[in-house]
Every structure is written in structure tokens, then in C-alpha cells.
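S.K.: Mind having a look at this structure? Questions to follow.
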Amino acid sequence: MAIPYSIQPANAAPQHGFGTMLALAPARGLTPMAPSITMPAHPGMSPVFDPRAFLPPINPNDFEVQSLISITDVIGYIRKRWLRGAVLGALLAAFTFYYLGMGVKIYEAESQLLLRIQDANVFNFDAMASRGVTELSAPQLINNHRTELLSRRFLSHFYDKFPAAQRDAYLEREANSLGRKDQLLKMLGLYKPGKPGDPRERFIDLMIANTRVEPLKESHVLRVQIRDRDPRLAADFANRYIEEYIHYVADQEAQLSADASTYLETKSEELLKRLRESEQKLAEYRKSQGIMEDSESKDISNDKVRQLNVAITEADLKLTKAKSDLNDLVAAQKAGRDLTELKIFADNSDVTYIRKQLDAKIAERAPLEATCGRRHPTMIGLAKEIETLQAALDRSISAVVGMIQAEVESQQRQLADYQRQLEEARGVALDINGKNVQQSLLRDQVRMDRDLYEKIEMRRSQAALTGQFRDSGLLRVADIAMVPEKPVKPSKPIAALAAVMLFGLSLIGLPVGWGIFDDHVRKLFVPKDPNTGSQEPTQHTPHGYGYPAQQPASSVSPFAIAPPTAPALSADRLRPPPSPQTRQMPAVKPASGETPVLARLPYVSGNAPETMLGELLKPEPIGASSALHQLTSTLEKQAMNRGSTAGVVLITSAGSGEGKTLVSAALAAAFCHQGRRVFMMECNPSSPTLHQWFPRAVQGYGAYAHDLEALRYGHSNLFLLPGCDLPAHATNELLDGYRSWIERARTEVDWIILDASPLLKSFANVAPLAPLATDVLIVNNPSVSSAAQLRAGLALLQPMMSSSALRGMVVNGG
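Using the working numbering, you'd call the opening residue of the sequence shown number 1 and step up by one each time.
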């Protein structure tokens, strides 16, 4: 059926469907230009076509547009509230400069302590454990010294060694000095002086607060930095600090040597007493048994006992190995494994040789099985050889198994025989050589006591000698501190830089933050009044929003064709038909965390896709012109906020068969009725259907087109690139082509519509297109895809696209 409001030439066949309406859209040149109020009609077409029959008035308050913050807004915020930011910044800058740039001058003195890695101690005897450090232990040792330098134990030692007069004067000065907080309280009359505590603890706390110990990079040097108001006192503190620390470490080492010497002396006396008792027992035994010699004579019985012990140990090891092999064999047999996999069979030369020959024959037979039958002479010969080798392999395996079992039995008998012989040899040795055995035991005890006593006595002598020498040589002064000339704080350049930074931050940040809070954050917490009246709707025109309504053109046109003579009509039929009634479709506001529904399209029927599209463009309740108007208005507002070139609309769905192409075609028609130039590209190469909705589109050579004019649909503002003649298998080439066409069309059209593949079926085709889209629409048909499938598709798509690109859903059949 013909769509209303389409007027055809008299000599032309009547056209049906969407092509007629697109042909009525005014033409524009390829160079982008601002829309004008009056646009000429296409030659041969009627100039009285009014697209407002399909598009109801627009009310901007019916839609929720995502708020964007532009550079213009930021500049406006600064110009509006710069004075407040300047005042606050000046206060902060003044406070920062006072806090960082004013106050008492603090000087820093630095001395350096060297850790010597080489062991140069002359008292490090060969018999003593080395006290030197290595390159690997040096970092740990440096960290230990850093901790010890700031320990309360060393600082207590430093308190005792520091001159008492200077120490007391230092504590008195610090006690009478007031900090900024105390000075402020004193100015207000609220300051109460506290009671001074223990001088030792006060001195330790002050030194911990004013001392910093750091390692020098790529060296074994520790830097000791001490700060104070008096530069001479700071240098004196730094020099005495490292000197006293060297003496402190030396005292600690000497005390350790003294403690060790005392312990070794006590132990030496005990060992000497034990040695004398052992020698006395040996002498008494010789005297009672009448033994005159003190020489160790060889005893055949004792040698036999030792040899039997060695033999028993070896036999026990062999028996353990044989039992282990037998257990592995039994376990493999129970599990049904191939026995040749065991190591005992792999080490057997016969089994290995036969197995290698068997594998070679099997490998030789494998390629012949495809060409020769089982009765082929070659196959029969190979089968006999394989059978013979398999039998030989089984015999070898059986022989190895029997050998293992025999080995276990043989080792068991041999071990029992060795144990019997050992018992007999022990009895004989005890009976014959009992005296010599007892004498040997006593002599061994005396020798052991003497050796231990000599070692302890030597260590005691060394500890006593080294304990008197306090310089270990591991620490020495690397550099002394000089009296500093310039203070380290307060630093006026740093204070000025910080003040300027705070002033600039306040000057810009306060107005911008205040403006963002007023315009974007505060309205989130203010409840909307449902009784508030809406603004007056703005009449939609084909050229934008806010322009005056276009006046109808004159019926007389040089391009118009005279209509045929109309038959006489009755009086009732002469009455003009009523204007189509449209109902305002409210914007669907989603719940928190849900995707908004921008439009609901009804079910349409027709004998052809063009007819269905024409029915959809009619006013409600037959069509969905209000829903399409709402959808285009939302996209146009986003384009106005974005302020960039042509918008790229990606239309997809969770599954196939939900009406993506129908929505894409209807959206393109709505944009064309508004005077927009639209480039529609089918990005579903595996299942192209766009050519069915636009049968007069360019087909067959769309893949070879080089400009948009070759893809124009008739005389309309629509440019089509169907996917029916594109190579679906060349994914990379298709993606490069999509990007090339998008970049080429950005400056020539107002909107680019991408009819993409389903998400759950062909996500790999949609993922590269998502980053290119400025607006994303999800088509959903509740009778085709469930809510779970829709959520799964959105979960796949959201990481691939811009966070602000998703506009909402278009429900088909709603």
C-alpha cells in the first residue's frame, strides 16, 4: 500500500514503501553546511510534503540527558566565583608562607661514619671465628648500626659522656623555648608552663627528634645529621656523636670478650678436673689387671667384629634395595602396568635390546597396514618376527623377575649368616680380649677429655688477650662536621612556591568545585516535584530545534508535474481529512542501575519489509512516530552537548531476530525527515538483511565504491552500504573498511548508523566497532531474548565502549 503524504508524478508508476518518503527529502551538497530555514524540493517531486505529520512536537523536559562538563562551563565557573577563590587562596598562601618561611633558623651539621669491610684485626687468630663481614652481610650490618645509633641505650651512654655544662645549658635553652602553639596560647593568656621531666629522658627525646642517620648511596658510609639552632653546637653534637658511638661499640665488644673469658675459665677448671679423674681410673685399672704396656696392639677378634659389622651393613643395604625392587614389581603387576616401564627392567641390557628390536618391527609394520592385508607375505613375516620377539621379551622379563626374587632370598640368608658369625665373634672377643677392651675405653676417654681441655684453654687465653684491645677496626670516622653557615629551614623559596601553588589551586579549584556541586551534584539530592509544570513544547522542524515553523511552499513549482483530472466528489468527500492525531509518549525513566528504555515500537505487519517500515512510521496507535521522535530527540541533544562532527550510532541486540535492522531503518527515516544526511552501514556480514528493507539500494558494487554519492538511495539524503556483497570471511579487511568509511563520512553527513551483529552470537564482530561509536542503542524483543541474555550482552559490550556512549534500549513489540 502507498504511504500517505507521498505524491507521485502522473506518468510514473506508483511507488510503495519507504523509498517514496526518502525520495521526498531535500537534497544537500557534499560539503557540510548549517541547515537553512527554506530548502528546495527535489526536481519532479511535490514541495508540499510535511514531515511533521510523522513527528510530534518535542518537549525537552521529557528526556533525561546525561550531563557533560565542558571547558566553557569550567571557564564560566571561574569567572563567576573567582573572587571567592582568590580570597581563600590568599589566606591559605599567607598561612603557608608563614608556616614554612618564618620561624627560628635551624642549622644542620653532618659527620660520617665508615664501616670497614676488610678484616684487619691482628688478634683474629686462625683458631678463632672470623669477625669480618662480607659484601652480602654489609647491608644488614649497616641497618643494624643505623638502628643502634638512634637507640635509647646508646643515647643514654651519650648523655653520660657529653660534657655536663654544655648538656645542661642545652636542656635549659630547650626548656625555655616555646613552640608556635605555645606562643599562640601565651598571646591569648592560656599558656601554662609544665613541669620539666627527667633530664636524661628529655635529652634522649631531643636527640631522637633532631638526629637523622642515612646510608650514603653505593658506599659503606653512614651520614649522621644533627639539627640545632646553634650551628657550633650542631657541629659539636655531630662530631661527638660518632666518636662516642665508636667507643660505645668498642666497649660492647670488649665486654663480650670479657664475659667469654670468664665463662671459658670456669669451663676449663671443670674439664681439668674431669681429665685428672679419667687418668686416675686408667692407672688404677692397669695396676689391678697387671697391664704394663700402654701401647695399642692389634687384636684379631676385634678386627673380625669390625669387618662383620661392615659386611652386615652392606648386606642390609642390598637386601633393602632388592625388597624395594620386588615391591615395585608386585605393585606394577597388581595395577596392570607394563613391567618394562620399571627402572629395573630398563637397566637390563637384554630386555632393552629385545624391546628396541620389537619397537622397530612394530614401526616397520605400521605403514604397511594401510596398503597390505594381514595375509600379505611381508605382514605375515613381520607378525611372526614380532611374536618371536614378544616371546623373547616375556622370557627376559620372567628371568629378571626370578632374579629379583632370588636376590631377596640370597640376601636374607647372607644377612642371617653374618649376624650369627657376629654373635660368635663378639663372645670370643669379650672372653679373650676383655682386658684390652676396657683399657681402650678408658684410654679413649682420657684422650677426649684432654683434647677438649686444650681447646677451651686456648680459647680462654685468646679471649683474655683480645679483651684488653678495644679498637676492633670495623668502625672509623670518615668525615667530621664543620660549622654550617646557612640554615636548612625556614626556606623562603619553598614557602613562596607552596604559597603560589595553593593560591592557584584555590583560585581555580574552589570556583570549579562550587559550580560542579551546584549544577551537577546538588540536584541529585533534591527530590523532583511531580506537580511542577513542564515547559512549553517546541515545534519540531526539519532543520533543528527552536527555528520558526516552515511556511508551506507555493503549489506552483517549475519542477511540479500536473496532476491527473480528479473525479467529481460528493460534498461529504470534499471535506478535508482530519489531521493525524499523535499522542505524546512519555519518556521511560529506568530504576537505579538499569538501562533506560528510550522507545517502544509496536508490532507491525506487512507483505514486504518496505510496507512494514511504512506502517512503523505512521502515527500512533498504528505506527510509532512519537517513539521515533523521542529517540531522535535524545540523540540530537547528545550531539548538541558533544559539539563534535557526525554522530556514530551503533545498534545491536543480545540475540538475532530482535529487529535491529528495522530499528536502524526507522531511525534513518526519522533523521531524513528532519533534513539530516544519514549514512547507514550494515556491519553484520554473516547475516545481511539490509538489502531486503531497501530493494533499490546499490548492490553488486557497493564494496568498490569510493565516495558517498555512489551509495545515495535514490534522490534522498540517505546513503546505504549493504553487507550482501561484502566478503564475510575477511574480518580484518572488513574492519579496516568500516573505519575508512566512518572517517570519510564524518565530514559529509550528520549521522552514521552501524547495523551491527548480535552480541551473544557474533561478539567478535561488534567489539571492534564499540570504541568508534558515540551513541549505542540496544534493541530488545522480550519474546526473543530473556532478561538474563540481555544482561549478559550488556556485560560483554560495556568494557569495550566509552562509559558515556550507552543511551538506552529500544523495545520491539512493546
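Positions of the beta carbon are idealized from the N, C-alpha and C atoms, including for glycine. Please read these numbers as outputs of a predicted model, since none were measured by experiment.
#1: Give the DSSP-derived three-state secondary structure of Ala756 in the structure shown.
#2: Going by CA-CA distance only, name the one from Phe671, Gly513 and Lys489 that's closest to Ser625.
#3: Report the three-state DSSP secondary structure of Gly675 (helix, strand or coil).
#4: Leaving out five residues before and five after Ala795 in sequence, what residues of the same chain have Cβ atoms less than 6 angstroms from its Cβ?
#5: From the DSSP output, which residues share a beta bridge with Ala109?
#6: Relative to the C-alpha of Val811, which candidate in Ala654, Asp325, Leu797 and Leu760 has its C-alpha closest?
#7: What's the C-alpha gap between Ser804 and Phe694?
#8: Kindly indicate which residue of Gly509, Asp359, Pro377 and Val351 has the alpha-carbon position closest to the one of Ala392.
#9: Select from Leu282, Ala331, Met681 and Arg447 the residue whose C-alpha is nearest the C-alpha of Ala668.
#10: Of all the options Leu617, Thr595 and Pro596, which has the alpha carbon lying nearest to the alpha carbon of Pro602?
#11: Excluding sequence positions up to five away, which residues of its chain have a Cβ less than 6 angstroms from the Cβ of Val483?
#12: When we look at the beta-carbon of Asp126 and count the other beta-carbons within 10 Å, is it buried (16 or more) or exposed?
#13: Just list the residues that DSSP pairs Val649 with in beta bridges.
#14: Is Glu658 buried or exposed, if buried means 16 or more other CB atoms sit within 10 Å of its CB?
#15: Looking only at its chain, what residues have a beta carbon closer than 7 angstroms to the beta carbon of Ser664, apart from the 5 residues adjacent to it on each side?
#16: With DSSP as the reference, label Ser385 as helix, strand or coil.
#17: Enumerate in chain order the residues of its own chain whose CB-to-CB distance from Ile364 is below 8 angstroms, with the five nearest sequence positions on each side excluded.
#18: Using only the alpha-carbon positions, how far apart do Ala832 and Met448 sit?
#19: Identify the continuous alpha helix (DSSP H) that holds Val604 and give its terminal residues.
#20: Alpha carbon to alpha carbon, how far is Ser633 from Met640? Give it in angstroms, no decimals.
#21: For Pro215, which of Leu272, Arg395, Arg146 and Asp251 has the nearest alpha-carbon?
#22: If distances are taken between C-alpha atoms only, which option among Gln445, Ala315 and Ile386 comes closest to Arg355?
#23: Any idea if Met187 is buried or exposed, counting beta-carbon neighbours within 10 angstroms, 16 or more meaning buried?
#24: Val678: which of His706, Leu711, Pro688 and His691 sits nearest, CA to CA?
#25: Here's the rule I'm using: 16 or more other beta-carbon atoms within 10 Å means buried, otherwise exposed. How should Gly793 be labelled?
#26: Do Leu389 and Leu358 come within 8 angstroms of each other at the CB atom, strictly closer than that value?
#27: Can you give the Cα-Cα distance for Ser802 and Gln638, rounded to whole angstroms?
#28: How would you label Ser268, buried or exposed, when you count the other beta carbons within 10 angstroms and need 16 or more for buried?
#29: Would a C-beta distance cut-off of 8 angstroms place Ala209 and Pro196 closer than the cut-off?
#30: Within the same chain, show all residues whose beta-carbon is closer than 8 angstroms to that of Ile508, passing over the 5 residues directly before and after it, in chain order.
#31: Under three-state DSSP, which class holds Arg116?
#32: Going by the CB atoms, is the gap between Glu620 and Val604 shorter than 8 angstroms?
#33: Arg180: which of Phe95, Ala322, Ile456 and Pro768 sits nearest, CA to CA?
#34: Are the CB atoms of Met800 and Thr595 within a distance shorter than 8 angstroms?
#35: With distances taken from CA atoms, which of His706, Val749 and Glu733 is nearest Asn717?
#36: Can you tell which of Asn684, Ala773, Asn327 and Arg212 has the C-alpha that lies nearest to the C-alpha of Thr764?
M.R.: Working from what's here:
#1: Strand at Ala756.
#2: Between Ser625 and the set Phe671, Gly513 and Lys489, the nearest pair of CA atoms involves Phe671.
#3: When DSSP states are grouped into helix, strand and coil, Gly675 belongs to the coil group.
#4: Cβ within range, chain order: n/a, list empty.
#5: Note: Ala109 sits in a beta bridge opposite Ile226.
#6: Looking at the Cα atoms, Ala654 is the closest of the given residues.
#7: C-alpha of Ser804 to C-alpha of Phe694: approximately 32 angstroms in a straight line.
#8: Distance check between Ala392 and each of Gly509, Asp359, Pro377 and Val351 places Val351 closest, using alpha-carbon atoms only.
#9: It is Met681 whose Cα lies nearest to the Cα of Ala668.
#10: Nearest of Leu617, Thr595 and Pro596 to Pro602, Cα basis: Leu617.
#11: The beta carbon of Val483 sits closer than 6 angstroms to the beta carbons of Pro231, Arg232 and Ala235 from its chain, once the five residues preceding and following it are set aside; these are given in chain order.
#12: Any answer about Asp126 is weak, because its pLDDT of 49 lies below 50 and its placement is not dependable; what the coordinates show is given next. The residue is exposed, with fewer than 16 neighbouring Cβ atoms inside 10 Å.
#13: Val649 is bridged to Ile753 and Asp775.
#14: It counts as buried.
#15: Counting only Cβ-Cβ distances below 7 angstroms, and skipping sequence neighbours, we find Ile651, Met680, Ile753 and Asp755.
#16: The sequence given here places Glu at residue 385; Ser does not occur at that position. Note: Glu385 maps to helix in three-state DSSP.
#17: In the sequence as presented, Ile is not what sits at residue 364; that position holds Glu. Once the five neighbours on either side are set aside, the close Cβ partners of Glu364 are Leu382.
#18: This structure does not reach residue 832, given that the chain is present from 1 up to 814, and the question cannot be answered.
#19: The continuous stretches of alpha helix (DSSP H) do not include Val604, and DSSP gives it neither H nor E.
#20: Whole-angstrom Cα-Cα distance: 10 angstroms.
#21: Ranking the options by Cα distance to Pro215, first place goes to Arg146.
#22: Nearest C-alpha to Arg355: Ile386.
#23: Counting Cβ neighbours within 10 Å, Met187 comes out exposed, since fewer than 16 surround it.
#24: For Val678, the nearest C-alpha among the options comes from Leu711.
#25: Buried is the call here.
#26: Judged by beta-carbon spacing, Leu389 lies within the 8 angstroms limit of Leu358, meaning their Cβ atoms are closer than that value.
#27: Distance between the alpha carbons of Ser802 and Gln638: 14 angstroms.
#28: The Cβ neighbour count for Ser268, taken over all protein chains shown within 10 Å, is at least 16; the residue is labelled buried.
#29: Remark: C-beta atoms of Ala209 and Pro196 do not approach each other more closely than 8 angstroms.
#30: Ile78 and Gly85.
#31: The answer is coil: DSSP assigns Arg116 none of H, G, I, E or B.
#32: No. Outside cutoff.
#33: Nearest neighbour of Arg180 by Cα position, chosen from Phe95, Ala322, Ile456 and Pro768, turns out to be Phe95.
#34: No, Cβ-Cβ distance for Thr595 and Met800 is not below 8 angstroms.
#35: Closest by alpha carbon: Val749.
#36: The question names Thr, yet the displayed sequence has Ala at residue 764. Ranking Asn684, Ala773, Asn327 and Arg212 by Cα distance to Ala764 puts Asn684 first.
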